[in-house]
Structure formats: structure tokens, C-alpha cells
Amino acid sequence: MLNNYLLFGILPVLSISAILVFIRFLKGPYTLDRVVSLDFLINIGIGIIAIYSIVTDHSAFLDVAMILALIAFLGSIAFSYYLEQRGKR
Amino acid sequence: MEIIIMAMTSVGTLFILIAAIGLIRMPDFFLRLSVTIKAATLGLGFIMGGTALYFLEFSVTAKVIAIIFFLLITAPVSGHMIGRTAYFTGMKLWKGTILDELKGKYDRKTHSLTSDGDDPSERTPPVDEL
Amino acid sequence: MEYLLIFLIGLLYSSGIYLMLRKSMVKLLLGLILLGNGANILIFLMGDIAKGQPPIIPRDASIFTQMYADPVPQSLILTAIVISFGLQSFAIILLKRVYQMTKSDNLDTLNTHEIDI
Amino acid sequence: MQSTILKTATNYLLPLLLLFSVFILLRGHYESGGGFVGGLVASIAFVLHSFAYGLERTQKLLKYPPKSFIPAGLLLSFMSGVLPMFGGKAYMTGVWSSEPLPVIGLVGSALFFDIGVFIVVIGVTLTILFTISESIDQ
Amino acid sequence: MILAVLSGFIAALILAFSGKLFRGRLSVLLGLLPLSIFNYFLYFFPDISAGKVITFSYRWIPSLGINLDFRLDGLSMLFVMLITGIGALIYFYAASYLEGHKYLDRFYAYLSLFMGSMLGLVLADNTLLIFIFWELTSISSFFLIGFNNDNAESRKSALMALAITGCGGFFLLASFVLMGITTQTYSIGQMLSAPGFLKDQPAYGLILFFLFVGSFSKSAQFPFHFWLPGAMKAPTPVSAYLHSATMVKAGIYLLARFSPLLSDHLLWTNTLMITGGFTMIYAAVHSIFKKDLKSILAYSTISALGLLVFLIGIGTRYAIVAAAAFILVHALYKATLFLITGIIDHETGTRDIDKLGGLRKWFPLVALAGLLAALSNAGVPLTFGFIGKDLIYEATLHTQDFFRYSLTPLAVTTNILLLYAGFNAGIKPFAGSIPENLSKGPLHPSLSPLLWIPPLILGGMGVFFGFLPYVPDQLVISHAASSIYGSYIFMPLKIWHGFNLTLLLSAFTIIAGVALYFLYRPATASAATQYWLQWFSPQHLTEWVGEKTRLFAYHYTKTLQSGYLRSYILTITVFLIGLIGYRFFSTVDLRVNTSEFTEIRFFEFVVFAITVVATITTVFTNSRLTAIVSMSIIGLSICLIFVYYGAPDLAMTQFTIDTLTVVLFVLVLYRLPQYLINSNRKMKLRDGLVALSFGTLISLITLQALISPANKEISRFYADNAYLLAKGKNVVNVILVDFRGADTMVETMVLTIAALGVYSLLKLNVKPTDKD
Amino acid sequence: MIRQFMLNLMLTFVWVALTGDLSFVNFWFGFALGFFILYIKEKNDGDVRYFVRVPKIIGFMLYFFYEMIKANLQVAYDLITPKFFMKPGIVKYPLSARNEFEITMLSNIISLTPGTLILDVSADNTVLYIHVMYLKDRDKFVRRTKEKIENRLLEILR
Amino acid sequence: MTDNLLILPIFAHLLTAILLIFAWSHINIQRVISLFGHFMALILSLHLFSKTWKAGILTMQAGGWKAPFGITFVSDTLSATFVVLTAIAGLAVGIFSTVSVTKARMQFGYFAISHFLLMGLNGAFLTGDIFNLYVWFEIVIISSFVLMTLAGKKPQMEGAIKYVAMNMLASTVFLTAIAILYGLTGTLNMADLSLKVVQIEKKELVSVTSLLFFIGFGIKSAVFPLYFWLPSSYHTPPSAIAATFGGLLTKMGVYAMMRTFTLIFVPDAFTQHVLIACAIMTLFTGALGALNKTSIRRMFSYLIICHIGFMIGGLGLHTHVALAAVVFYLIHDIIVKTNLFLATGIIHKIRGSTDIRRLGGLYEEYPKLSLLMAIIFFSMVGIPPLSGFWPKIGLFQSSLDQRSYLLLAAFILASFFTLYIIAKMWSEVFWKDLPKRPEETNEFTELPLFKQTLLIVPVVGLALVSLYIGLGAENIMIISNRIATNMIDTGYYLDAVLNK
Ligand code: NA
Ligand code: NA
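Quick mapping for you: the protein sequence lines, in order, are chains A, B, C, D, E, F and G. In case it helps, this note's numbering puts the first sequence at residues 1 to 89. In case it helps, this note's numbering puts the second sequence at residues 1001 to 1130. In case it helps, this note's numbering puts the third sequence at residues 2001 to 2117. In case it helps, this note's numbering puts the fourth sequence at residues 3001 to 3138. In case it helps, this note's numbering puts the fifth sequence at residues 4001 to 4772. In case it helps, this note's numbering puts the sixth sequence at residues 5001 to 5158. In case it helps, this note's numbering puts the seventh sequence at residues 6001 to 6500.
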């Protein structure tokens, strides 16, 4: 039952959230909007992976979630660094 | 137990959904940023908690704690970094914004921020994407 | 699901080539990266598909007790990813360098020395 | 780009990430991870540091230029493969300790190989990123 | 014998390294080389006269069927005598002619190389060996003709000669190889043991075609003849050597050598008769319009070569004997005339016959030599030329009805014109009075004996052999003829055949020729005629083709190598699509059974859809940063796909690398200008279509590979043994560090090199002025 | 010194937790590793004492959690209703916290609370600029934040 | 039986490279280490060759995992020959580089990268695993990228972008082909593939896959119409680098093609036609391209393409004789092309240009050097009995045998054009008087005698090797024949890899 709930309840809702976020990504209008969308998408990805690890009963996937969490941060920092430097010009 | 897991994941997912809606609906960038940063963190926290409960294994719990801990540190920091960049690059505030005490506090050359003074030097024009 | 992946492979290869056919150096690189991604998924698809079953032997066993995804394509992709990272990062820097020298992102302007009679 | 918040956060993230990278490296043989991802995580730690504090501070932190990590790591993984050859075995034949060590488990040539990869990856990633950052600052 | 053949090469080598010794007076000594070879071969006369064939063999490259097989029979002997005999005289002559030349040593080196090659060519008993020497003669003649390399004309002529003879050479190789395939041997001796074999083979025509192209180009047959007049840019001793006895006769030698194998076939006979016949009359006609001594000699040489080809083509006993005799006749008088020309040029500074005359007063002995040569050329009785001409008429008269009446007049006309040319070259400069321009006297007051003795000897020989025809006949000509004919010919040469038609024709030839000499002065044709003649002349056509080829090459190369990277990639892609698409759609059964595929779940589909849209965004966005952020999203989606399919390691690495790449991109893009808003719609549409077909093709191939069952024994081995043998549970990692550790080792090196490259690329700043 | 010791202990704990191996040797290995890593970054030390105030921490955490849920619901409500009720603004917030650690902790907590987001800290570390979603009264916001969050946090940290 | 000797030529370069990175920017130490490494590599290679020659085939199962499960390194005569040639060419270029390469390049890793490159080549020649081959290819490619751009100025960089783009495209195609092959057979070991490919039900797919390999390798070996990267880039880097590229790099593609199209796929009629058609066009395009070039470097670049046509053509004919000829041609080509670019380097040093219009009078000034270069040029043209001639016999023979008259015509045409082009070049560069004394000083005569010797010695050495190939053709023929035999009959290879 838990599996079905996660598969047919939670994962679709997370996926819909991802779609919404992705729509923001497409709309922009600013690059930073896209960066934020990306960051959020990664977070949703972490959630999906966590749920998926329950569904498949493999905790190995949580390692991926961990890496995602660690590294998403770097991307955001890099983008803001870059945009700020560009603004400096 | 399953019920608790379902509840936790549901709450978490709901928070994420709300944040996603926020990201779509919010009228200016700062509002969107503000909404996503914490809702996502909170939502993920619930989901991870549910995961920890499901596995009930020491190593998994540790991993979950590590992830949450990490998110707690990084999410606000990246929010701050992105937010200041947004402000700096001249992102427009929503028309309903009632107060902007940051206006004119940035030095345009060095990007250093003063704590005081009302230097009315203009903000950089919006630098948007090519 | 395999159909979707096959579609994706086609899309990535198409997009990669399309971008490589543009005039911009940056697009050229993006195209190469997309091609690389396409190739990786292609390799992946060539193994035995087992959803959600990583090829990691369970903690309490010494051989697999259930289905597992084909580990060979995975390791091949890992190697391929890393290699293309090396090549791509070099290419990105090269792009920067060429831009520094020519002040142009336009590939069409890079043929000053190619034609001679 | 100076941000107090980022600096402080980095102070705590850097050791955490480094710890993490070693963790990922050592357990690679049993679960997901390995020298490659481990090395990447470690380099990301330093990259983060360079974002927060500027390149010079990070380079001071590292003491040796990242480029010098590369041959060291290469040599280590190379030697781990070569040593069995002196025993008349094929190149890269696995050699294992008879008793498992605590924390790591069985120690074998593959581990040293992975550590070599780890070091090379740190060297490579940092060399690339630092060189490019430097050239931007110029 | 091998030493005799190789001595030329050895001498060349010695001269190349220690040539300074022989730049001065010592150069005369070099003449001893051909002389001693000549002497060496004299010892074989008894054997040859006895009809024996002497063979020598040394192993060289048995794997290719190439050995240093040499064979001395009558035909070879005839040529060996010419090469070394005339060669010796040329060596001596050149020592004086080029006295004090800065690079005399080089000259002798080339000449020795050339002589060695010629010797090898005529002695080789292996077709490929013949070819090797053949090419060496081409190359060494290239150096000889271009000896005056500071002269642009000289360089051009050398190049032209090499181009024509070299090109012919490749055809010759093809011919030999085809012969080799057909007969299973490269040994001429073995081929000769079954002479009729080749004629019945289907490859016969092709063999013949290739052989003819090769030998005609060398022997200056129409339409390849034009390199020969150009080759007159060479120093005169070279012309004398190359065009009287050696180089141009190589083609004749070849035809003669293979005559027993290939003749007696309409294709052979007709081609040779037509080509030879046309060449001899064409060149003879040309020769009478020339005023330059060397040009006259050049065209008369071409004509004589045509005559030889013509005779070999007729292929009757008479014709063959005539050919054998005429080779010798021609060599003797032509070498003489060239040498005389050299002396005239050397002493007067001109070769224009209008500006020459009365030189007998300066050099009576040279005049005598000229007279003898001209007479021999004319076929005046009691000269060797008379016998030669006699035989030619005999040959044409002894053909069948139709030919008798067409060929004989042809031969007569040619001979008349040749006589005219010979008189112009051998008599005219010495006759009459010394013109004004030469009133100052010879350029070199004392004529070295080295200059006048050789032509006198050669001229004298022509008369000597005329008196005693059985000497050359017994020694070599009859045996040479037998070699050419393929079986023994008994037809002794006689001074006198009695009163018959042949004699009548000879007499007519002489009278008509002499009349022409006295009545006709070379006059330039009208400008228009000249233009058209020029335009249609093979030389012009060749140059025209050469020019057009160059132009075509230019446009062809420029079109392909346009400088635009995208057009290269387009070509490559279109080629790939065309080739593989054709193969794929024409052969592969496209039906697919998809029952084994996994089902699609919503959350999977969403990831897929996001990937697709992100990819499309990357492609079509006008913002570079958007493209990069989309790349990140693609990376994330692929990471999730890897998770769905149970590949956590992959997902981790993919994502980490992707982020790093994005960071790199972001760092680099700092300062790059905007995207160009570029390319028109048409181009985009075209590229889009190509790209789509490419992707579709790859997809279809993937699908086919996916549904074709594969043996997964290796994966299973890894899975089963990862823990038991390699002590790891993460099979992917175990593969990476153990089972396929070598890959990973190499992969780290790729990274290393990339990092070093990046480092050097950015740190090493070169200024545009720095040297490379 | 204490801070480093604490940090080291923390790292040790994380290590033990991550490996999931509670053995004695693993503990020491983690400690040694943490020590090594800290040694690497020694140059960045500050010298502040920390006291662990367990009850305060727990109380603070509960409060924080409550605020988080409450604010989130508020935002959620605003989002699903068509009209926006919010009155956003950027507020200059004078800091009592002085050192970098305190400031960072504070700003993280403020940022994590829905409705507020730290945009930047002034170069002299005296002022925070906060983006606030529901800003009815600027001064009230500053006061509330000072009382409910900053002061309690500083109590724990100092 | 596992024989670690197999991997030593690779290790020699690897260790040298690692040491060189440690000695970064110490030029003199680098010179010594590099030369030592080259010598070691040569000795080990020769040893490997002689051992392989005696034993037939050597194998080394890396990690002790027997084929097809691990990565197998195999040294058959073909591999060993290539390894030896690489070592010879490498040593020559190495010696040449110590003088000719600029200090700046040396300080930024020139030696290390070139050793990596040679290591990559050795690896590619010795591996018995198709994916491992890909990995080695990448080593070679990335090294060549770095060498090509090292201290590059504008033209070099412009060329490099194209070079990089097309080579990366080639790698992707190659990788795709490997993936599909794996999907069809489930194995990567080349010997195992040889067995499994035969068992595939859908034969047509095998052919399609083999064509993918052809395209991938075709780009790398500069076959028509995939060659574009070569003329746009090869003339730009300094001579020593160009020599390595011109001599060895494209040949790696040819090697890979020879391997895959003899061991794994036996070309069907269609593939043979494709190979032959491409060969014809390659010969034609290369010859035409070289015809008008005024820069001798560019001219040689096109000649490289042209001569690739000979090898691809021979591969397409696919008879024993043709394959032996291809091997012979390769042996000859590696040595001669390397030397060609080294000689060009000397010309450049002397005159400061490689433009025919600005060259001349070399024969007058440097007669002995000219003679030396004449040997190189005429070896390349294939004037018998120099090295380039012998393989043509086999190629002519097979094309006549197989009735590929168009191919024969192309062979003749290409040979003729090469002859003409070189003769013309000779007449312009060596015979013609120097049009105008260049402003730049003669770098060559300014060098101390010792350094001049270091430049000349490798050229002389390679010229001697090519003379040996020409005059001692029998030995080379024996080697080529043995290789061809093993290509046609792969049983021996399979036994050695899979059964022992
Ligand atoms: Na890896
Ligand atoms: Na399959």
C-alpha cells in the first residue's frame, strides 16, 4: 500500500511540481529565475530520489540524493558569482 | 508506521507543491526566491524524515541527517547570494513593494555595502540576459 | 520506457549535430556535450534493463539474490563521462583562448589561414 | 565578491565536504561512490572555498599547487597496478590483505588505485578551475 | 655481371660524397668506367655469337617475386654495346665540353646513375626489375635534363620529361603486374618459355594497352613525343646520350623484348604500325621546319623512333632484322650529329642553321665526321645506313598487298625528310662560307681532341660497318633480331642486294632528299596555321589539360575545404546518413517486438518530457546563459533517469561532472559577446533536416540493437565474482578499479593531459611576434 | 580551542554516523581524520567560546519549527487564493550579533523562516538587509525579530 | 600465458611523462629524461618485437582476469610492428625536438604531453579490447589537442578549433559504434567479438555497425569525405609536432580500421565497395589538393590524405596481397611522413618560411642536405627501389586481380600526381635560385654545431631506416606477409587470446 501510495500519489505530485518549476524556468524572464528554478528542480529531484529509494527498497539511491544536495549549492554560487561579476562591468 | 511515513511524505510533497506554485505565481523575483528557499527545504526535510523512518537503519538515518543538515546550511546561503546578485543586477521589485531600504546602499564599483547613508547614486540598469 | 529513451537519444543526437552546424563556437561546444549525453544514454540502453535495481550486492549476501542492472554499460559510461569531461573542459578553455585572440565567437571568421593558393 | 555569510558557511562546509569525500572514496568498493566522485566532492570543497575567500587564500590552504597532485596520484595508482608484476602476475592483478582492517574492510591494491584516482581528480579539477579563475582575475 | 650493372650506381654514390676530386682534370678518368664495362661485355661475344643466353640471378625480394635476375642475349648485347660504347665516348666528350663547370662531379654522378639504370634495364630478366631501372632512368634523366637548374626553361623541361615518362612508368608497372598475375611469374625467361600463352588471355588487351602507354611515352611516340624536343635544354652530351642510344630507345627495347610474347596479334601489329607510322611522318615533317640544330635532331629522332616502332609492329622477319640494324645505324649517326652540334654550339654560341656555314674551314675533322654521319643517315651506299634503309624497304615490301602499297611510300617519304634533316645537321653548317656573325673565329681556339675524336669514331664506324656489314651482323644484330623475333633468323646483311625495287627506292630517296636539301629552305608557316597547329599539338593540349587540371583542383579543393567548420560537419553528417541510412533501410527488417519493454510511469514521463523541452530550449534559445542552465537541467534529468534505471554511481558522476562543466562554462563565458543572430531560415531548415535524419537514424539503429538478443555472459561473470574474487560489492566500482581497471587508469591520464593542457593554454602567453 | 575541539567532535560524530560503524577504532579514526582536516584549515580560526545550552536550544528549535509551519501555511493560503495579500519590502535590520558565526546563524535562521529572506550584510557587519513578504509595520518587524529570534539565539550561542 | 613485457613500452612513456611533470619547467632535465624515455621505449619495443616474432602472439590479461572478462593486451606481429615504428619515429622526433621546440613550449609540458601521446599510440596498438581502444584513442586525441594548441598563435588556434570539433565528433561516432556492438554481442574483447559477431542473427545490423566504425575511424584517418580537419590544422603546429601528427596520428585510424575490418568484421561486398570508393576519392582529393599548394607544409598535408587512399584502397581490396601491401605501405609511410615534416622543419629553420614562392637555392647552398631530403622525397613518391615503391606492386596487383580498374586508375593518378608535385617542389625549392634573401636570419646556421647535429641526426636516421625499408624490402615483405596471413586467418589470434 505504501508503495502504491508513493508511486501513484507522491511521485506524480512531485513530478507536477517539477513541471511547474520547469514552466518558470521556461518563462524566465531573468536568468536568475532560471537559476532558482534549477536549484529548486534539484531539490525536487532529491525528493523524488528519496521516495524512489523507498519504492525500490534500495537505500543506495540516497547517496545520489546526498551528492545532489552537496553540489547543487555550488551551481547556484557559481551562477550568482558570474552574474555579479558581469554586472560589475 | 506506514501511515506516519505516508503523512510525512505527503506533507513534504505538499510544501514542495506549494512552493512550486509560488514560483509560478509570485509577482517578483525576490518573492519567488523567498518562497522556494524555505518551502523546498522544509518539504524535503519531511520527505527525508519519512525515508529515515522507512529504512530505520543507522546509516540511512545518518545520511538523512546529513542531507537535512546540509540543506539547512546551504539553502539560506545560496538564497542570500542569489538575492543580493538579483538586487545588485537591478531586478525590479513588485509594484506592491512598500519599502526598499537597500536602495542606494551598494557601491557600484566595489560592490561593497554600507550600513548607513542615503547615497542616491543610481542603481545599475537591469542587466538581463542576452 | 525504452521508447522514450530511444526518442531521447535521437533528440540528443539531432540537437547535438544541429548545434554543431551553427556559426557560434559556444553552440559548437554545447552540441558536443549534447552528443556526449546522447551517446551515454545509448550505451546505457545497450545493457540489460532492470528498473530500480542497482548492481550492488546486498550487504548480507555475497552474490546477487535478485535482478540487477547490467553493470558493464554503467562502468563504460562512467569512463566515457570522465573522458568527455576532460575533453570538454579543454575545449571550453580553447574556446576562451580563441575568443581572446580573435575577439569573435563566429566560427566563420576562423578561416583566414585555411585557404591558400 | 565578499560575503560574510558565505565565508562563515564555507568554514563549516569545507571540512564537512572533505570528510564526505574521504567517506565516498573509501566505501566505493562496497556501495556507490569511489575515487572519482570522492575526488570531485573534495575539489568542490576547495572551489567553494575559493569562491568565498578568493583564490589566493585557497591556494595557501592547499600549500602545494594542485598541479603537483596529479603526478603523485598517477604514480600511486600506477604503482598499485605495477607491484603485482614483480610477483610475476599480470599488471593490475588484485592483491588483498588477509585480514580485514577496521573502517575500510579488506585493504587491497584496488584501494590504492582508487586513492590514486582520488588524488588525480582533485589535482585535475582544481588545476583547471583555478587556472581559469586566475585568468579571469587578470 | 651484377658489379657491372651496379658500378654505375656505386660511381654515382662515390661522386655524391667525394665528388670534389672529379671536378677538375681527373674527370677524364671517369670515362674509364663505361669503357671497362664495355670491355667486360666484349668477353661475352663468343657466347652471344654462338646463340647462347647468359643469365645471372641474385636473390633480393623473393616475397614479391623480384630478384636481381639478369639475362644477356643478342638484344641485350646490342643495347649494352650502345650504352657503354657510346657512353664511354660521351664521358670523354663531356670532360672537355663541360670543363671547369662548377658541378661537373654532379653531372657525372647523374650520368653514371643513368648509365647504370640503362644497363640494368636492358639486362634485367625480371619485369619488375625492368620497371625499377626504367623509373631510375626517368629520375636520373630528370636530373640530367634539369642540370642547368638555375634556368627556368631547363627546370620546366625536366619536369615535363619526368611527368610524361613517369606517368608512362606507372602504366608500365600496371602492365607488368597484370602480366605477372596472368603468367604467375615476373621472370621474362619463364614467360619466354611459353611465348604464345599471353596472346590467348583475356587480359591481353589491357596488358598491351598499359605496355604501349609506357613505352610510347618513353620512346616519344605521338602523342607523347613533345617532351623530347624540350629535353634538348640539357647539355649536349646528355642529349647525345639520351636521344641517340639510350633513354628513348628504352621504349623500343621494351617493345622488342616483349615482341616474342605479344606480337602476332592484330592489336599489336596495328597499334604499333599506326602509331609508329604516324609518328615517323609527323615528326619528319616537323623536322624540316626547324632551324635550330638540336630541334632538327630532336624531331628526326622522334621520327626514327617512330620508324622503329613501325618496324617492330610489322613484325616480319625482314622488319625485325631491319629494326635491329636500324637501332645501331641510328645510334651511330645520331650520336655523331649531336656531338657535332655540341661542338658547333660550344664554338660558335649558336645552333641556328641560318647563321652557320663554312665551319669545315675551322674544324675539318669534325666536318668529316658530320659528312660521314649525314651520308650514313642518307643511306648512301657503302655506309651502314644504306644497309639499314635497304632493310626497311625490304621489310615494307615484304608485307601483304595492301600494306605494301601504303607502307612503302610512307617509309620512303619519311626517309627523304630524314635525309634532308641529316644533311641540314651534318653538312649544312660546314658547307659554304663562314657567315659574318662568325668572323671572329671559334670561341675556343684549340679544339680539344676529347671533343672531336668521339664523333669521328662514331661517324667512322658508320662507314666501317657499311663496308663490312657481316661484322656487326655476326656479332650482334642477327642475334638481336632473333631475340626480338623469338626464333632464329638467318638473314645475313649484305652490302649489295643486286638491282631490284629496293635499290630503286633507295636511289629515289637519295635523289629526292638531296634535291629537297638544295631547293628547300626552312620557312616559318603562316601565323594562323601555326596557331592552329600549336593549339592542336599534343604539347599544347597537355599543357592546356594541365592548366585546366590545376584550375579544377583549385576550385575542387576550395569548394570542399571551404574553411567553414559547419560545412565540414555537414558533409560528414550527410555522408554518414547517406551511407549508413542506405545500408540500414535497404537491408534491415524494421519490425519491432516491444513486448519486453518496461512500462512508462507518469513520473518517468515527466522527467523525460522535461529533458526533451530542456534540450529544445538549449538548441533554440538566443541566450547563452539560458542554454547553459538548460544543459544543467538536462544533466539533472539524465541523472534521474540513471536513478530510475538503477545506476546510482552513474547518477552521481553524471551530476557532479555536469555541475563542474557548467561552472567552467560560466567562468569562461564571462566576457564573451552575444550570440550571433545568424543564418537564414533556409539554412536552418536544411541543417534541421540533416540533424533530424541523423538522430532518427541513430534511434532506429539503437532500437534494432536493443531488441536483438545478446549474450550477457560477461556481465554475469562480473556480478557473480565481484565479491567472491574481487572483494567488492559495488559491481560497477569493482569493474572500474579491477576488472577493467586499465580503462580507469587511462581515463585518469586523459584528465591529467586535459588539465596540463588547460594550464598551458592559459598560462603560456605568446606574443604574435614570438618565433615558432 | 574549545570551538575547535567541538568541531572536531562533531566531525568525528558525522564520520561514525556516516560509516555506520560504531566500533571504538572507527571512532578514533574519525577523530584523527577530523583533526587532520581541521589542521588543514587552521588559518581560518576565530576564538569564541561556546556553551551548550540544551534546554534553550530545544525551546528555540520548537519555536522555530512552529514559526516555520505557521508562515508556510500563510504563504500557502496566499498562493492558492487568487488575490495577493502580501506587502513586501526590504528592511534594514540593525544587528546586535557581532561576530561572523553569530551573524551567519542568525541570517540562516531568518532566511529559513518563511516570509523573510536575508539579502545581504553590510560590509561592516552591523546591518542586515531583509526582504520581508508580509511587512505590516517595519518597526514591529524589527522588534519582533530582535526579541523572538536574535536575542534567543545569542543567549544560546554566548 | 601472461607476459608483462607487453605493457612495458606503454609504461616507459608513462613513467617518463610522470617524471616530466615532476620536472615541469626544468628544461634541461626534461630533455635528458625525455631522451632517456625514448631510448628505453625503443629498446623495449624492439625486444617486444623480437619476442613476438619468435612466439607468434603474446598476451597479457590485465588484472589476471582471463579474456574475455578482463582487458587483454595482445601483441601480434601487427601490433609489435606498430610499436616499433612508433618508437623509432618517436625517438627521431624526440631528438629533433630538443633543439627545434621553443623554450616556452618545453616549459609548459611539451615533452610530457608528447610522451603521453606516444603512450596512447602504444596502448592503442597493443590493446585487445575495443573499449580500451577507445580510451587510448582519447589519450592520443587529447594529447594532440594540447600539442596542437601549445603556445599557439591565431592560425594554430583557428585550426585547433576545427581539429578538436571534428575529432570529438569522430570519438562520439566511435563510441556509438562500440555501444551498439556491445548491445549486439555483449562483449568488448576483440577476439571474443570476432566469435560473437558471427553468431548475431541480424547480419545486416553487423554491417551497419561496421560502417559506423568506418566513419569513426575514417574521420581519424582522414578519408574522403571525412578528412577536412587535416588540411585545416596540420600545417599550423611546429615541425616536430607536425611530424608526430603526420607520421603517426592518422595511421592510428588506419590501424584501427585494419584491426576491426579484419578481426571483428570481415567486410562484405558492400563495405568493400564503400572502402574502395572512398579510397578512390581520397586519392583523388589528396592529389588535387596538393597540386596547387604553395606552402610545402600544406602540400604535405594533402599528400598525407592522398596516401591514406592507398591504404584504405588496399583494405577494401582485402586480399592477402593487398593487405600485405597495406602493411608495407604503413611501415613506409610512418617513417617517411615523419621524416618529411622534420625535413620541412629544417628548411623552415634555414629559410624562415615554407612558402615555395619564398624558397629556393637549397641545392646550391646545402647539396648534402638536399641529397638527404631527396631520399625522403623520392621514397615518398615511390621511386624504385626506395620504400614507397614496393607496396604499390601489391596494390596494383590486387586491384587488377579484383578488376577494380577505377581504383587502379586512382592509384596511378595519385602516384603520378605525387611524383609531379614532388618533382615540381624539388625544382622550386632546391633548384630554383633563391628569389629574395629573406630578412629573417638563417636560424639553422646560427645554431652551434652540436645543435645542428641534433637536428640532422634524426633526419639521417629516419632516412636510413627508409632506405633499409626500400633496399631490404624482403625483410619488410616477410613481416607484412605474416601480418596479412594473420589478418586473413584470425584463428591464431583467437587461440592466443581466448584459449591460453
Ligand atoms: Na571512473
Ligand atoms: Na540488446
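Virtual Cβ for every residue (Gly too), placed ideally from N, Cα, C. Since the structure is predicted, the reported quantities are computational estimates derived from the model, not experimental observations.
Quick one, which residues of the stretch 6059-6077 of chain G are near chain D if we go by CB-CB under 7 Å, in chain order? Near chain D, meaning a CB-to-CB distance below 7 Å, the residues of the stretch 6059-6077 of chain G are M6060, Q6061, A6062, G6063, G6064.
Does the Cβ-Cβ distance between E:P4252 and E:S4219 come in under 9 Å? Sequence check: residue 4252 of chain E is Ile here, not Pro. Yes, the pair counts as a contact, with Cβ atoms nearer than the cut-off.
What are the residues of the stretch 3001-3018 of chain D that lie near chain B, defined by any Cβ-Cβ distance shorter than 8 Å? Contacts with chain B (Cβ-Cβ distance below 8 Å) from the stretch 3001-3018 of chain D involve M3001, Q3002, S3003, I3005, L3006, A3009, Y3012, L3013, L3016, listed in chain order.
For C:S2089, return the contacting residues in chain D, with the cut-off set at a CB-CB distance below 8 Å. Against C:S2089, the close residues of chain D are I3128, in the order they occur along the chain (beta-carbon pairs closer than 8 Å).
Span separating the alpha-carbon of E:I4427 from that of E:L4371: When rounded, the distance between both Cα atoms is 6 Å.
Where does F:V5091 fall in DSSP's three states? Here F:V5091 sits in strand by DSSP.
Helix, strand or coil: which one does DSSP assign to E:W4060? It is a strand residue.
When G:F6125, G:E6158, G:S6079, G:M6060 are compared against C:L2094, the one with the closest alpha-carbon: Minimum Cα distance to C:L2094 is reached at G:E6158.
Can G:I6296 and G:I6347 be called in contact, C-beta distance under 9 Å? Contact flag set, yes.
The beta strand (DSSP E) enclosing G:F6073, as first and last residue numbers: Unbroken beta strand (DSSP E) run through G:F6073: 6072-6075.
DSSP on E:S4244, reduced to helix/strand/coil? Helix, per DSSP.
Within 10 Å of its beta-carbon, does F:R5144 have 16 or more other beta-carbons around it, so buried, or fewer, so exposed? Looking at its Cβ environment, which holds fewer than 16 other Cβ atoms inside 10 Å, F:R5144 is exposed.
Buried/exposed call for G:M6060, threshold 16 Cβ in 10 Å: So G:M6060 counts as buried.
Which word fits A:I44, buried or exposed, when buried means at least 16 other C-beta atoms lie within 10 angstroms of its C-beta? The residue in question, A:I44, is buried, as its Cβ has 16 or more Cβ neighbours within 10 Å.
Can you tell which of G:N6004, G:L6303, G:Y6493 has its C-alpha closest to the C-alpha of G:T6282? For the residues G:N6004, G:L6303, G:Y6493, the minimum Cα distance to G:T6282 belongs to G:L6303.
Distance between beta carbons of E:H4479 and E:D4073, contact taken as under 8 Å: E:D4073 to E:H4479, Cβ: 7 Å. Contact.
Length of the line joining the Cα atoms of E:A4512 and E:P4429: About 21 Å.
Can you confirm whether E:N4730, when its beta carbon is compared against all beta carbons of chain C, has any partner nearer than 9 Å? Answer yes: the Cβ-Cβ gap between E:N4730 and chain C drops below 9 Å somewhere.
I want to know whether the stretch 6178-6189 of chain G touches the stretch 5006-5021 of chain F - three or more CB-CB distances under 8 Å. No: fewer than three Cβ pairs fall under 8 Å.
Whether E:L4697 touches E:G4581 by CB criterion (9 Å): Between E:L4697 and E:G4581, the gap from beta carbon to beta carbon is short of 9 Å.
Selection of the stretch 1077-1095 of chain B by Cβ proximity to chain F, strictly under 9 Å: Result list: V1077, G1079, H1080, G1083, R1084, A1086, Y1087, F1088, L1093, W1094.
Do you know how far the Cα of D:P3066 is from the Cα of C:Y2099? For the pair C:Y2099 and D:P3066, the Cα-to-Cα distance works out to about 26 Å.
Check this for me: beta carbons of E:N4126 and E:I4066, under 9 Å apart or not? Pairing E:N4126 with E:I4066 gives a Cβ-Cβ distance under 9 Å.
Report the three-state DSSP secondary structure of E:H4479 (helix, strand or coil). Residue state, collapsed to three classes: helix.
Since I believe E:R4071 is in contact with E:I4188 (beta carbons under 8 Å), could you give me their beta-carbon distance rounded to a whole number of angstroms? The pair is a contact, with the Cβ atoms about 7 Å apart (cut-off 8 Å).
If I follow the unbroken beta strand (DSSP E) through E:I4066, where does it start and stop? 4066-4072 is the extent of the beta strand (DSSP E) around E:I4066.
How big is the Cα-Cα spacing for G:F6284 and C:L2076? Straight-line spacing of the CA atoms in G:F6284 and C:L2076 works out to 39 Å.
So E:L4308 is in the beta strand (DSSP E); what residue range does that whole segment cover? Not the beta strand (DSSP E): E:L4308 falls in the alpha helix (DSSP H), residues 4293-4314.
Backbone CA spacing between A:T56 and G:L6188 [nearest angstrom]: Separation of A:T56 and G:L6188 (C-alpha to C-alpha, rounded to the nearest whole angstrom) is 31 Å.
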